[in-house]
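**Student:**
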Amino acid sequence: MKKLTTLLCAFLLTASLTVAQNSTPLKIGEQIEGALKTGETDVFTLTVDTDQFVYGFANQKTVDVVITVHGPEGEQIGTYDNPARGKENFQFNTKKAGEYRFEIAPFEDEEGEYSILVSTVEPIATEPDGKVDQMMRPYTGNDVPGAAAMVIIDGEVVFQKSYGMANLTHDIPMSENTRHNIGSTSKQFLAFGSLLLEQEGKLNLDDDVRDYIPELPEFEHTVTLRHLINHTNGYREFLNLVAMTGRNPSTSLSQEKIIEIVQRQPELQNEPGTEWNYNNTGYALMTEVIERVTDMTFPQWMLQNVFKPIGMNHTVVRANQNQVVPNRSLGYQNSKDGGVEEVTDLGGAMGAGGIHTTMGDLAKWIDHLLDPKVGTKAMIKEMSTSDTLKNGNPTNYGLGLMIGKHRGLDFIQHGGADMAHRSMLRVVPAIRAAVVTQSNFASFDGSIANQISETFFEDFMEPVSDEEGSEEEMPAEETETFVYNPADFEPLTGRYELEVMPGFILTFSRDEDRIYTQATGQPEINITATSDSTFSLVGVNASVTFHHNEDGTVDSLTLHQNGNHIAKRIEFELSLEEMEEYTGRYFSDEIETVYDIALADSSLSLQNYQLEDDIKLLPGSADSFSGGFPISEVKFVRNDAGEIIGFDAGNGRTVGVFFKKWSDTK
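Residues -20 to -1, 1 to 646 in mature numbering (1 follows the signal peptide of the UniProt record, and there is no 0) are what the sequence shown lists, from first letter to last.
1. Would you identify the three-state DSSP class for E592, choosing helix, strand or coil?
2. Is H528 closer than 8 Å to S536 when the C-beta atoms are compared?
3. To which residues of the same chain is G449 closer than 6 Å at the C-beta, ignoring the five residues directly before and after it?
4. In angstroms, rounded to a whole number, what distance separates the CA positions of T295 and V320?
5. Go through its chain and collect everything with a Cβ distance to W256's Cβ below 6 Å, but skip five positions before and after it.
6. Along the chain, where does the beta strand (DSSP E) containing Q40 start, and where does it finish?
7. How many Å lie between P599 and D620 at the Cα?
8. Bridge partners of R308, per DSSP?
9. Suppose the cutoff is 6 Å on Cβ atoms and the five residues either side in sequence are ignored; what does the same chain contact list for P455 look like?
10. With respect to the beta strand (DSSP E) encompassing N147, which residues constitute its N-terminal and C-terminal limits?
11. Tell me, please, which residues DSSP counts as bridged to S516.
12. Could you name the residues of the same chain whose beta carbon sits closer than 8 Å to that of Y119, not counting the 5 residues immediately before and after it, in chain order?
13. Give every residue of the same chain whose Cβ lies closer than 6 Å to the Cβ of F33, excluding the five residues on either side of it in the sequence, and list them in chain order.
14. If you draw a straight line from the alpha carbon of D446 to that of L389, how long is it in whole angstroms?
15. Look at P108 and F436 and say whether their C-beta atoms are less than 8 Å apart.
16. Out of T21, V46, D31, which one is the CA nearest neighbour of I505?
17. Short check: CB of N631 to CB of E613, under 8 Å?
18. Verify whether the separation of the beta carbon atoms of Q245 and E570 is less than 8 Å.
19. Compute the Euclidean distance between the alpha carbons of S232 and G51, then round it to the nearest angstrom.
20. Just reading off the alpha helix (DSSP H) that T4 is part of, what are its end residues?
21. Determine contact between the segment 328 to 344 and the segment 312 to 319, defined as no fewer than three beta-carbon pairs at a distance below 8 Å.
22. Can you tell me whether DSSP reads P279 as helix, strand or coil?
23. When every heavy atom of the ligand ATP is checked, does at least one fall within less than 7 Å of the C-beta of G54?
24. Looking at C-beta atoms only, is the number of pairs between the segment 166 to 177 and the segment 279 to 291 that lie closer than 8 Å three or more?
25. What does DSSP give as the partner residue(s) for G600 in the beta ladder?
26. Report yes or no: do the segment 24 to 43 and the segment 90 to 102 share at least 3 C-beta pairs separated by less than 8 Å?
27. L539 bridges to which residues according to DSSP?
28. Could you please give the first and the last residue of the uninterrupted alpha helix (DSSP H) stretch that includes E442?
29. Assuming contact is defined by CB atoms lying nearer than 8 Å, are residue 647 and M266 in contact in what I supplied?
30. What is the residue span of the alpha helix (DSSP H) that L177 lies within?
31. Do L379 and P229 have their CB atoms nearer than 8 Å?
32. Give the DSSP-derived three-state secondary structure of N220 in the structure shown.
33. I'd like to know if the segment 268 to 276 and the segment 185 to 197 are in contact, where contact means that at least 3 CB-CB pairs between them fall below 8 Å.
34. Spell out the partners DSSP gives S99 in its beta bridges.
35. If the criterion is Cβ atoms closer than 8 Å, does the pair I238 and T261 meet it?
36. Would H150 be called buried (16 or more neighbouring beta carbons within 10 Å of its own) or exposed?
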């Protein structure tokens, strides 16, 4: 699910819009005010020499903008569009000297005011330290949320630096003493603690979880402790489930309440061990198991048995989001007024997340993973060995750690995202190396950890052209210049639904000579043909392959981005009269929540008084609709008489939540 989330976030990148306006020259360090109306595009230019690092931002005061940068020969350098207001950062390295063009357009139908500033143009750094400094430029200064980075090679810290602010209210900068909320990077610590307890004979990972928490419901299939930790348990993801109620994820959520959530689940989503579904519920339950078998609180037990023995003297488990943690960084996100605002941490995160630690302590943990100070090497191997599903397929996830390979280097890693905090810890055992990034900003660029890896570990990596599993790049024979008649794209137009994420729709369209795609709730992206059946997405490291039938029709495609993902064609439309049948009030006994389905502006929408915006429903097939957060999939259920009696709702990690129809009207 981690990969899928990355895929969806990457799809937010959009392409340039058609521009037919005069341009305004930019000057380094000089801010220019602007205003956009729906459909307008402002154009700015800047003359830059070759081999320069360029950084700047648009302040999205009252409008969400999309920035597209073109090089001297019209080539697209990049597109920048974070799904939030505030600063829209852009940065790139120049390969050619000349005039660079910056196109600024409103996202979808928005309009409002913004400003643009190019703050830095300087030679591209040649040393690794300087390259990281340039990567971290958006998080550098005394008025921005910060970040931190650390690199270890051959067991030694070769780079460590903090940037920006840990606390903007009290002007506290990030430092080596800052305690970072590492979010789900915490999972490896719980997994290791569980193995220690198994070694002591206090639990067995292959035991039924009900042996330890007997009040959990007895389902058709047994859920083991191992299923809890390797994300194959079949429980609903409690954070996604709670989101369906419209509840703020920052509100307090006790372990007792999480157990109650599981007790209300009518059946498992899948037979344990048959599907991998990233799942915080399992870790919350495992936290409860540890507390019961040790007769200690989880924070106390981890402190005495994991952190202190390893020498992690500045590391704590935060039991809830109201606990005081000295020297911790506060979380921030972009606000609608163009600035930033504080964000409270997740409720119920302990075990699945909740660890606050320093970069120095994480260096000690990495050293422990390479040369265990507590427990055994066999434990680390078990954590870093991929689990296998019952059908024989690997999950590429062990116990609290993901397993992967990049340019010939095998690595283990885990990332974290707790509301506004972002974390990544990657270890490359073969060269006793690691990269860690931390940030207290929700819009932190998650690709930086990978960029740092390539900067410092380049000598150990295979050449880019030899990279294994480069599923995002099309074969060479398909990337050559290809002459394509846009009219030939007409049979391919339509809507396609990803199998791995029901409700996520890719719509492909043609407007005269322009062909483009649009994902659910995202901006349009231009595409270019590389053959009669393969197309690349402009400004996004992704491509698609349409699968032609013998008669020339197309029923499916494959999206090549962070893997290969099948999408099936949707051919279904409803009249207003047919849509009227779905309207009414629906109630879920499982989550005690009401949704109204209303018909307005020729479309159906889900409405809940706690949601800021209604969820637009798009028909996919008979009785099946796609939506948005927090309900992305709706499948209506009928009785034997053909009458609608309710619908099943899902949002990725949580599926099949039943809402019974109460009435035909609100």
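C-beta: ideal position from N, C-alpha, C; glycine also.
**Tutor:** This is what the structure gives:
1. Translated into the one-based positions of the sequence shown, residue 592 becomes position 612. DSSP places E592 in coil when its eight states are reduced to three.
2. Locating residue 536 in the sequence shown gives position 556, counting from the first residue. Locating residue 528 in the sequence shown gives position 548, counting from the first residue. No. Outside cutoff.
3. Here the question's residue 449 lines up with position 469 in the sequence shown. Summary for G449: the model assigns pLDDT 38, below 50, so the residue's position carries little reliability, and this model does not support an answer.
4. What you label residue 295 is simply residue 315 of the sequence shown in a count that begins at 1. What you label residue 320 is simply residue 340 of the sequence shown in a count that begins at 1. If I take the Cα positions, the gap works out to 27 Å.
5. Translated into the one-based positions of the sequence shown, residue 256 becomes position 276. The residues are H211, T212, T375.
6. By one-based count along the sequence shown, residue 40 stands at place 60. That run of the beta strand (DSSP E) goes 32 to 40.
7. Mapped onto the sequence shown, residue 599 falls at position 619. Mapped onto the sequence shown, residue 620 falls at position 640. Near 22 Å, if we compare the C-alpha coordinates of D620 and P599.
8. If you number the sequence shown from 1, residue 308 lands on position 328. R308 is bridged to R159.
9. Counting from 1 along the sequence shown, the entry for residue 455 is found at position 475. With a pLDDT of only 32 at P455, under the threshold of 50, the placement of this residue in the model should not be trusted; the figure read from the coordinates follows. Closer than 6 Å at Cβ, skipping near neighbours: no residue.
10. Locating residue 147 in the sequence shown gives position 167, counting from the first residue. Unbroken beta strand (DSSP E) run through N147: 145 to 147.
11. The count along the sequence shown starts at 1 and reaches residue 516 at position 536. Paired residues: T508, S523.
12. On the sequence shown, residue 119 is found 139 positions in, with the first residue counted as 1. Excluding positions up to five away in sequence, the list reads P125, G126, A127, Y143, G144, S419, F421, F424.
13. Here residue 33 refers to the residue found at position 53 of the sequence shown. N73, E102, I104, Q114, listed in sequence order.
14. Here residue 446 corresponds to residue number 466 of the sequence shown, with the count starting at 1. Here residue 389 corresponds to residue number 409 of the sequence shown, with the count starting at 1. Reliability fails at D446, whose pLDDT of 38 lies under 50, so the model's placement of it is uncertain and the value that follows must be treated cautiously. Each residue's alpha carbon lies about 12 Å from the other.
15. As a position in the sequence shown, residue 108 is number 128, starting the count at 1. As a position in the sequence shown, residue 436 is number 456, starting the count at 1. Cβ distance < 8 Å, so P108 and F436 count as in contact.
16. The count along the sequence shown starts at 1 and reaches residue 505 at position 525. Nearest C-alpha to I505: V46.
17. Counting from 1 along the sequence shown, the entry for residue 631 is found at position 651. Counting from 1 along the sequence shown, the entry for residue 613 is found at position 633. Contact: yes.
18. Against the sequence shown, residue 245 aligns to sequence position 265. Against the sequence shown, residue 570 aligns to sequence position 590. Contact: yes.
19. Taking the first residue of the sequence shown as 1, we reach residue 232 at position 252. Taking the first residue of the sequence shown as 1, we reach residue 51 at position 71. If I take the Cα positions, the gap works out to 49 Å.
20. Here residue 4 refers to the residue found at position 24 of the sequence shown. Premise fails: T4 lies in the beta strand (DSSP E), 3 to 5, not in any alpha helix (DSSP H).
21. no
22. Counted from its first residue, the sequence shown places residue 279 at position 299. Of the three classes helix, strand and coil, the one that applies to P279 here is helix, per DSSP.
23. With respect to the ligand ATP, the structure offers nothing, as it holds no ligand at all.
24. yes
25. Residue mapping note: residue 600 aligns to position 620 of the sequence shown, counting from 1. Beta-bridge partners of G600 (DSSP): none assigned.
26. yes
27. Your numbering for residue 539 matches position 559 in the sequence shown. For L539, the pairing in a beta bridge is given by DSSP as V524, H545.
28. By one-based count along the sequence shown, residue 442 stands at place 462. Taken as a continuous stretch (DSSP letters only), E442 belongs to no alpha helix (DSSP H), as it is neither H nor E.
29. What the structure shows of the chain is the stretch from -20 to 646, and residue 647 is not part of that stretch, so it cannot be assessed.
30. Position 197 of the sequence shown, counted from the first residue, corresponds to residue 177. It spans 167 to 179 - the alpha helix (DSSP H) in which L177 sits, taken as one unbroken run.
31. Taking the sequence shown and counting its residues from 1, one reaches residue 379 at position 399. Taking the sequence shown and counting its residues from 1, one reaches residue 229 at position 249. Not in contact: L379 and P229 (Cβ atoms no closer than 8 Å).
32. Translated into positions along the sequence shown, residue 220 becomes position 240. DSSP, read as helix, strand or coil, puts N220 in helix.
33. In the pairwise beta carbon analysis, the segment 268 to 276 is classified as touching the segment 185 to 197: at least three pairs are separated by under 8 Å.
34. In the sequence shown, the residue the question calls residue 99 occupies position 119. The partner list for S99 (beta bridge, DSSP) is empty, contrary to what the question assumes.
35. Numbered from its first residue, the sequence shown carries residue 238 at position 258. Numbered from its first residue, the sequence shown carries residue 261 at position 281. Going by C-beta atoms, I238 is nearer than 8 Å to T261.
36. Counted from its first residue, the sequence shown places residue 150 at position 170. Under this definition H150 is an exposed residue.
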